[in-house]
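Just below is one structure, and these are the notes that go with it.
There are 2 protein chains.
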Amino acid sequence: MPDSSDNDLGAAAFDLRVRARPGRGATRTTLAQVAALAGVSVSTASLAFSGSGPVSDATRQRVLTAAERLHYAGPDPRGRSLRQGRSGIIGVVMEERVLAAFRDPIWIALLDGIAQETTADGRGLLLLTDVGESAMAMESASMDGVVLLGCSTRIARSIDILRRRATPTVALGGPEFPGVLTISLDDRSASEVAARHLADLGHRDVAIVALPLDGDVGALGPPAPGSPSAERGPLTDDRERAGTVQVSIDRLRGVRAVFPDSTGVVAAGSYVDEGMIAGHALLDDPDRRPTAIVAQSDLLAAGVIKAATELGLDVPGDLSVVGYDGIALDRIIPHDLTTMVQPAAEQGRAAGRAVLDLLEGGEPAPVRFTSSFHRGATTAAPRR
Amino acid sequence: MPDSSDNDLGAAAFDLRVRARPGRGATRTTLAQVAALAGVSVSTASLAFSGSGPVSDATRQRVLTAAERLHYAGPDPRGRSLRQGRSGIIGVVMEERVLAAFRDPIWIALLDGIAQETTADGRGLLLLTDVGESAMAMESASMDGVVLLGCSTRIARSIDILRRRATPTVALGGPEFPGVLTISLDDRSASEVAARHLADLGHRDVAIVALPLDGDVGALGPPAPGSPSAERGPLTDDRERAGTVQVSIDRLRGVRAVFPDSTGVVAAGSYVDEGMIAGHALLDDPDRRPTAIVAQSDLLAAGVIKAATELGLDVPGDLSVVGYDGIALDRIIPHDLTTMVQPAAEQGRAAGRAVLDLLEGGEPAPVRFTSSFHRGATTAAPRR
DNA sequence: GACCACTATCGAATCGTTTCGACTACCGTG
DNA sequence: CACGGTAGTCGAAACGATTCGATAGTGGTC
Chain C
3 MPDSSDNDLG AAAFDLRVRA RPGRGATRTT LAQVAALAGV SVSTASLAFS GSGPVSDATR
63 QRVLTAAERL HYAGPDPRGR SLRQGRSGII GVVMEERVLA AFRDPIWIAL LDGIAQETTA
123 DGRGLLLLTD VGESAMAMES ASMDGVVLLG CSTRIARSID ILRRRATPTV ALGGPEFPGV
183 LTISLDDRSA SEVAARHLAD LGHRDVAIVA LPLDGDVGAL GPPAPGSPSA ERGPLTDDRE
243 RAGTVQVSID RLRGVRAVFP DSTGVVAAGS YVDEGMIAGH ALLDDPDRRP TAIVAQSDLL
303 AAGVIKAATE LGLDVPGDLS VVGYDGIALD RIIPHDLTTM VQPAAEQGRA AGRAVLDLLE
363 GGEPAPVRFT SSFHRGATTA APRR
Chain U
3 MPDSSDNDLG AAAFDLRVRA RPGRGATRTT LAQVAALAGV SVSTASLAFS GSGPVSDATR
63 QRVLTAAERL HYAGPDPRGR SLRQGRSGII GVVMEERVLA AFRDPIWIAL LDGIAQETTA
123 DGRGLLLLTD VGESAMAMES ASMDGVVLLG CSTRIARSID ILRRRATPTV ALGGPEFPGV
183 LTISLDDRSA SEVAARHLAD LGHRDVAIVA LPLDGDVGAL GPPAPGSPSA ERGPLTDDRE
243 RAGTVQVSID RLRGVRAVFP DSTGVVAAGS YVDEGMIAGH ALLDDPDRRP TAIVAQSDLL
303 AAGVIKAATE LGLDVPGDLS VVGYDGIALD RIIPHDLTTM VQPAAEQGRA AGRAVLDLLE
363 GGEPAPVRFT SSFHRGATTA APRR
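Here the protein sequences come in this chain order: C and U. Quick note on my numbering: the first sequence kicks off at 3 and runs consecutively. Quick note on my numbering: the second sequence kicks off at 3 and runs consecutively.
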């Protein structure tokens, strides 16, 4: 029994090939043709479709059946968006590849939040990834509004174009850009809370595992293949000073407020593997092991814990670990991680709302979110 | 030292608020104005920007400086796309929310593959998620081509619109749609390979953990909140017959070819948690434990292994487990999972290439990918 | 010196829709 | 019966670019 009975797509299956060929074959049917067949003017036909304006039921019906007979697909978005000056598209700009960007659940949650707010009534999300120096995609895409997701100052040129087009823009998880509304997080003070928690427990010898401090990436993510920077290595004063990634810097400062002289390493991205590498770098030598480690993301913390476990260390007995983000880690490590929980989806929603508000002429204020401390089972007083 | 020295965004920071207000304030500058200031015709100005056609260097320069003086942002994509009949946008349609869709790494890999191929020269990816009965977003978005990512027959109406618009369309990880090019996977025969591997090891009592068989979701993902279906529960003949999700059905058939009478449970989505629930359902009763379990995804397999571990069972000593997908699981469970590895990113790339090919009038053939068997350390001969 | 080919530029048409103002009936009211 | 109001319809003007065909100018060749 064929299962194609509940739709009538079969009839013109081969049409696709024929009509897709540009400039050849039947031109697509237009509102004018529908109007002609229905015996009304184009303007009336338009009203019949859009629903705005007075149209008699009889006329509307006539237009609709005419459209059906001609296989009219509805008003062409291109014509509509030119006339109306908007396209119903919200852009999401990221500097990384899809795969890299979504390896950290935090980014997925942010995007999901944006989608929740912006995706209603026929709007779509235009994903502009791997946006580098060439701003081509940003120039040639018609977007009503834009959310910059973890973008660095390297896209300043693209932002300039957005400004010239007067496109409402919101930055999420990045530095502040002039003229761009910022949705921010209390990275610095929240990190200070985490650090103070360790201090209160009695820790003095605390090491840091930092997210990338500069380079090719936004806040998180691996270096694009073949590109420089985002190198892993020890956390030196020089690197700290030269840092360009706001998140990493802020979280670092928070810890420094409590442990000014703590040493550490810089990871090449927010990944479990990177955390393991960092963990080994800090823990392999038994003589210079810290009693606690502050990781700048939960994924890094998970890696550190895995490294510690490999070395036979007990967490939190031999080593306390705190993270940042508050993603569900129970699938990665069996521990209940002590961490600073950030409201990821809520931030995405705020960004989405802000863009829509700007679109309607509102003047939304910048929003600053706060992370909340979650005391898990990976921190305890140092042994001895 | 201020860090805003390398861009000149500061000047018009407040412009955004003023000019974003529609209908109010300065209208956006147009190519005509640029042409006027440069003292050339509009057509010449257009040529100066697009680069196609002969323009003297002097003229081009004049146009460009005029544009700069007026803060012209470049040709408006709306006008361009109306005239040219294309927008540079490739749509990716999914029936789930972002968060749900991207919880399984396999979907991220697929999307990444699509992005790799389609995202070159100024193209962008329009993410249409949570596309339900209302096809609004699909009707009102101007897309040059579309990739259906794990869509069910529920979107037949939307596909009809695409066909009427003659929009090149490719289906990935879904059923076949008439008139739509399909990129497929050898789910059935690959599952048979996995099952035969267990049979060869001597297993006779094999249970199945199936992906959702029907309902509100595409191949994977949780039910939309408040919606029916995608229920978890025992795998009955009735449910098996009523299944609508192609992937699950095919993988089931493959196993059935080797173990016709094996029992099993249906999970509510491709998640570790669901795998754990399923695992407990199958393993909690010591008297009716299978010696091996075939899970229809790696995430489900990971959950099953976690459940087994919780019950004190050794994998593969007491229980053999095989999965499907070949995602990097080393961050979730310590085991090297025996599984069927599918070329996820490669499938995405194939879909992307196919859409572009269709766009240029080509006639790409359907592609069928094959999964390869990976013998890990989670399968062994049954004890006794 | 006439003619051709070629370059640089321009005017006008076109893409498909929405929207604004005007125009016709028609209805009810004074 | 004259008149204001309204519902329904229509024509024409945007929207902002690209592209086609035509028109000058320029230099070279026979």
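Every residue, glycine too, gets a C-beta built ideally from N, C-alpha and C.
**Asked** Does the distance from the C-beta atom of Ile271 (chain U) to that of Ile307 (chain U) stay below 9 angstroms?
**Response** For clarity, residue 271 (chain U) is Gly in the given sequence; the question names Ile instead. Pairing Gly271 (chain U) with Ile307 (chain U) gives a Cβ-Cβ distance that is not under 9 angstroms.
**Request:** Closer than 7 angstroms by beta-carbon distance: list the chain U residues that pair up with Phe104 (chain C), in chain order.
**Result:** Correct list: Phe104, Ile110.
**Unbroken alpha helix (DSSP H) run spanning Leu39 (chain C), endpoints** = 33–40 is the extent of the alpha helix (DSSP H) around Leu39 (chain C).
**Request:** Could you tell me how far apart the beta carbons of Pro214 (chain U) and Val268 (chain U) are, in whole angstroms, since I believe they sit closer than 8 angstroms?
**Result:** Right, their Cβ atoms sit about 7 angstroms apart.
**Message:** Assuming Thr342 (chain U) is part of the beta strand (DSSP E), what are its boundary residues?
**Reply:** In the sequence as displayed, the identity of residue 342 (chain U) is Met instead of Thr. For Met342 (chain U), the enclosing beta strand (DSSP E) stretches over residues 340–343.
**Request:** Look at Pro366 (chain C) and Asp359 (chain C) and say whether their C-beta atoms are less than 9 angstroms apart.
**Result:** Yes, these two residues count as a Cβ contact at 9 angstroms.
**Request:** Quick one: residues in its chain with C-beta nearer than 6 angstroms to the C-beta of Arg26 (chain C), no 5 flanking neighbours on either side, listed in chain order?
**Result:** Low local confidence applies: a pLDDT of 40 at Arg26 (chain C) is under 50, so the model's placement there is unreliable, with the coordinate-based value given in what follows. Listed in chain order, the non-local C-beta contacts of Arg26 (chain C) below 6 angstroms within the same chain number zero, local neighbours out to five positions each way being set aside.
**Item:** Reduced DSSP secondary structure (H/G/I, E/B, other) of Pro230 (chain C)
**Value:** Any answer about Pro230 (chain C) is weak, because its pLDDT of 41 lies below 50 and its placement is not dependable; what the coordinates show is given next. Coil, per DSSP.
**Own chain, CB closer than 6 angstroms to Arg370 (chain C), minus 5 neighbours either side, in chain order** = Close CB contacts of Arg370 (chain C) within its chain, under the 6 angstroms cut and outside five residues either way in sequence, are with Ser186 (chain order).
**Message:** I need the DSSP call for Ala168 (chain U), collapsed to helix, strand or coil.
**Reply:** The answer is coil: DSSP assigns Ala168 (chain U) none of H, G, I, E or B.
**Message:** Taking 6 angstroms as the limit between beta carbons, can you name the residues of its chain near Leu39 (chain C), skipping five residues before and five after?
**Reply:** Residues of the same chain with a CB within less than 6 angstroms of the CB of Leu39 (chain C), apart from the 5 flanking positions on each side, are Ala68 in chain order.
**Request:** Return the bridge partner residues of Gly235 (chain C) from the DSSP annotation.
**Result:** Bridge partners of Gly235 (chain C): C:Val268.
**Message:** According to DSSP, is Val323 (chain U) part of a helix, a strand, or is it coil?
**Reply:** Here Val323 (chain U) sits in strand by DSSP.
**Request:** For Met96 (chain C), return the contacting residues in chain U, with the cut-off set at a CB-CB distance below 8 angstroms.
**Result:** Result: empty, since nearest Cβ-Cβ is about 11 angstroms, beyond 8 angstroms.
**Message:** Does any residue of chain U have a CB that is nearer than 9 angstroms to the CB of Tyr74 (chain C)?
**Reply:** Taking Cβ atoms only, chain U reaches closer than 9 angstroms to Tyr74 (chain C), which makes this a yes.
**Prompt:** So is Val249 (chain U) in contact with chain C if we call contact Cβ pairs under 9 angstroms?
**Reply:** Closer than 9 angstroms: no.
**Asked** Can you list, in chain order, the residues of the segment 131–144 of chain C whose Cβ is nearer than 8 angstroms to any Cβ on chain U?
**Response** Result list: Thr131, Asp132, Met138, Ala139, Glu141, Ser142, Ala143, Ser144.
**Message:** In the DSSP output, what is Arg184 (chain C) paired with across the bridge?
**Reply:** Inspection of the sequence shows that residue 184 (chain C) is occupied by Thr rather than by Arg. Per DSSP, C:Ala173.
**Request:** Take Arg166 (chain C) as the anchor and find which of C:Glu141, C:Pro177, C:Gly152 has the nearest alpha-carbon.
**Result:** The shortest C-alpha separation from Arg166 (chain C) is found at C:Glu141.
**Asked** Based on Cα-Cα distance, which residue from C:Ala143, C:Ala303, C:Gly256, C:Leu237 lies nearest to Arg125 (chain U)?
**Response** Of the candidates C:Ala143, C:Ala303, C:Gly256, C:Leu237, the one whose C-alpha sits nearest the C-alpha of Arg125 (chain U) is C:Ala143.
**Request:** Return the Cβ separation of Ala111 (chain U) and Ala304 (chain U) in integer angstroms, given the expectation that the two are a contact with Cβ distance under 8 angstroms.
**Result:** Between Ala111 (chain U) and Ala304 (chain U) the beta-carbon gap is near 17 angstroms, outside 8 angstroms, which marks them as no contact.
**Prompt:** Run through DSSP, which three-state label would His205 (chain U) get?
**Reply:** Correct three-state label for His205 (chain U): coil.
**Message:** Just checking: is the beta-carbon of Thr121 (chain U) within a distance shorter than 9 angstroms of some beta-carbon in chain C?
**Reply:** Taking Cβ atoms only, chain C reaches closer than 9 angstroms to Thr121 (chain U), which makes this a yes.
**Asked** Which stretch, first to last residue, makes up the alpha helix (DSSP H) that contains Val306 (chain C)?
**Response** From DSSP, the alpha helix (DSSP H) with Val306 (chain C) extends over 300–312.
**Item:** Cβ of Asp239 (chain U) within 9 angstroms of any chain C Cβ
**Value:** No, no contact with chain C.
**Prompt:** Quick one: is Ser374 (chain C) buried, meaning 16 or more other Cβ sit within 10 Å of its Cβ, or exposed?
**Reply:** Per the 10 Å Cβ criterion, exposed.
**Request:** For the beta strand (DSSP E) containing Gly147 (chain C), list its first residue and its last residue.
**Result:** Secondary structure note for Gly147 (chain C): its beta strand (DSSP E) is the uninterrupted segment 147–151.
**Message:** For the pair the segment 127–136 of chain C and the segment 75–88 of chain C, tell me if three or more CB-CB distances fall below 8 angstroms.
**Reply:** Note that the segment 127–136 of chain C does not touch the segment 75–88 of chain C; fewer than 3 beta-carbon pairs, one per stretch, sit closer than 8 angstroms.
**Asked** Are the segment 338–358 of chain C and the segment 109–123 of chain C touching by the rule of at least three beta carbon pairs closer than 8 angstroms?
**Response** By the Cβ test, the segment 338–358 of chain C is in contact with the segment 109–123 of chain C, since at least three Cβ pairs between them sit closer than 8 angstroms.
**Item:** Residue(s) in a DSSP beta bridge with Ile210 (chain U)
**Value:** Looking at the DSSP assignment, Ile210 (chain U) forms a beta bridge with U:Gly266, U:Val296.
**Message:** In the DSSP output, what is Val95 (chain C) paired with across the bridge?
**Reply:** Answer is C:Leu130, C:Leu150.
**Asked** What did DSSP end up calling Phe375 (chain U) once you bin it into helix, strand or coil?
**Response** Note: Phe375 (chain U) maps to strand in three-state DSSP.
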